[in-house]
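Note that the numbering used here gives residue 190 to position 185 of the sequence shown, counting from 1, and the numbers run on in steps of one. Note that CB positions come from ideal geometry on N, CA and C, so glycine has one too. Everything below concerns the one structure shown next.
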Amino acid sequence: MNGRIHSIETTGMVDGPGIRYMIFTQGCLLRCQYCHNPDSWDREAGTDMSVQELIEDIKKYIPYMNASGGGVTVSGGEPLLQVPFLTALFTELKSLGVHTAIDSSGGCYSNQDAFQSDFQQLLTVTDLFLVDLKQMDDAKHRDLTGVSNRHIRIFAEDLSNRNIPVWIRHVLVPGKTDESKDLHDLGQFIATLKNVDRIEILPYHRMGVYKWEEMNLDYPLGDTETPSAAETEKARNIIRQYSGNVPVY
Numbered sequence: 006m007n008g009r010i011h012s013i014e015t016t017g018m019v020d021g022p023g024i025r026y027m028i029f030t031q032g033c034l035l036r037c038q039y040c041h042n043p044d045s046w047d048r049e050a051g052t053d054m055s056v057q058e059l060i061e062d063i064k065k066y067i068p069y070m071n072a073s074g075g076g077v078t079v080s081g082g083e084p085l086l087q088v089p090f091l092t093a094l095f096t097e098l099k100s101l102g103v104h105t106a107i108d109s110s111g112g113c114y115s116n117q118d119a120f121q122s123d124f125q126q127l128l129t130v131t132d133l134f135l136v137d138l139k140q141m142d143d144a145k146h147r148d149l150t151g152v153s154n155r156h157i158r159i160f161a162e163d164l165s166n167r168n169i170p171v172w173i174r175h176v177l178v179p180g181k182t183d184e185s186k187d188l189h190d191l192g193q194f195i196a197t198l199k200n201v202d203r204i205e206i207l208p209y210h211r212m213g214v215y216k217w218e219e220m221n222l223d224y225p226l227g228d229t230e231t232p233s234a235a236e237t238e239k240a241r242n243i244i245r246q247y248s249g250n251v252p253v254y
């Protein structure tokens, strides 16, 4: 089984517990205005790699993963565009005792039988989802990402109903995702989910702007600056009103 791979990082520290072997898959249906990997959008680009190639490389790092409580995280792009590949990869990883995680926006989630059949198999070998909730207001979500958030909300609710552990992530973008009402709406939605272990409010950054420039793309957010520490903490405090015992970072 082969997959389309954008890039690999062997010692990730922020995308799941412990030291993570990070696989970034190729292809995404969203066009987020703050995307730091626009070169991952094209589903035909990237490198064709087999499960076995990846497993052989991952094996070199298993001692570090075991010592730190880490594992393998697949991000993107959008990993769920390649569900059969993920299932094959994670099946091998579970046979090696490796913790598995997926970082997804749910942008290609579907209730169609073909997707659900493959997705249910993937869930049996996935330990954790990192779910990106970008904006609760559907019109604002369309403006920010190019797509509706309806199926993304259903994706988060489905994981909750199946009791699959998740970390919720929200990128705080000045003028786009930082309004008080939107944050209260986000907190209220998260409060309906029964499977949340952690919530992360991530300040927007400009580290991917150079990729837009290299691809001759106009960067939609112009000179938007990173929110201050005080602004970020204010957003976290709003979410804490709804988080109960779930930690907010």
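Backbone secondary structure at residue i - three-state DSSP
i: Trp46; result: coil
i: His175; result: strand
i: Asp148; result: helix
i: Leu98; result: helix
i: Arg255; result: The shown model of the chain, from 6 to 254, leaves out residue 255, and the question about it has no answer.
i: Asp123; result: helix
i: Thr237; result: helix
i: Ile204; result: strand
i: Tyr26; result: strand
i: Val253; result: strand
i: His156; result: helix
i: Met220; result: coil
i: Gln117; result: coil
i: Cys230; result: The question names Cys, yet the displayed sequence has Glu at residue 230. Looking at Glu230 - three-state DSSP - the assignment turns out to be coil, as it is neither helix nor strand.
i: Val130; result: coil
i: Thr92; result: helix
i: Leu35; result: coil
i: Asp142; result: coil
i: Pro68; result: helix
i: Asp62; result: helix
The beta strand (DSSP E) enclosing residue i, as first and last residue numbers
i: Val79; result: 76–80
i: Ser55; result: 52–55
i: Gly17; result: 7–17
i: Asp137; result: 133–137
Cross-strand partners of residue i (DSSP beta bridge)
i: His104; result: Gly76
i: Ser109; result: Val136
i: Val214; result: Looking at the DSSP assignment, Val214 forms no beta bridge with any residue, so it has no partner.
Supposed close pair residue i, residue j - CB separation, criterion 8 Å
i: Arg25; j: Thr92; result: At roughly 19 Å, the Cβ-Cβ gap does not stay under 8 Å, so Arg25 and Thr92 are not in contact.
i: Gln31; j: Leu149; result: About 22 Å separates the two Cβ atoms, so there is no contact after all.
i: Arg9; j: Gln87; result: 7 Å
i: Glu205; j: Arg174; result: 5 Å
i: Met27; j: Ser80; result: 6 Å
i: Asn71; j: Gly213; result: Not really, about 32 Å apart at Cβ, beyond 8 Å.
i: Leu94; j: Leu59; result: 6 Å
i: Met220; j: Asp47; result: At roughly 10 Å, the Cβ-Cβ gap does not stay under 8 Å, so Met220 and Asp47 are not in contact.
i: Phe134; j: Ile169; result: 6 Å
i: Ser185; j: Ile243; result: 7 Å
Limits of the alpha helix (DSSP H) - the one that residue i falls within
i: Arg167; result: From DSSP, Arg167 is part of no alpha helix (DSSP H); its letter is neither H nor E.
i: Ile195; result: 185–196
i: Glu83; result: Per DSSP, Glu83 belongs to no alpha helix (DSSP H) and is neither H nor E.
Count the CB pairs spanning the stretch 105–119 and the stretch 55–73 that are closer than 8 Å, and state whether there are at least three. No, the stretch 105–119 is not in contact with the stretch 55–73.
Pairs of beta-carbons, one from the stretch 213–233 and one from the stretch 164–183, closer than 8 Å: are there three or more? A contact is defined here as three or more CB-CB pairs under 8 Å, and the stretch 213–233 meets this definition with respect to the stretch 164–183.
Does the stretch 97–106 come close enough to the stretch 15–33 that 3 or more CB-CB pairs lie under 8 Å? Result yes; three or more Cβ-Cβ pairs closer than 8 Å.
task: For the stretch 181–198 and the stretch 137–146, state whether three or more C-beta atom pairs, one from each stretch, are separated by less than 8 Å.
output: Yes, the stretch 181–198 is in contact with the stretch 137–146.
*asked:* I'd like to know if the stretch 162–169 and the stretch 124–136 are in contact, where contact means that at least 3 CB-CB pairs between them fall below 8 Å.
replied: The stretch 162–169 vs the stretch 124–136: in contact.
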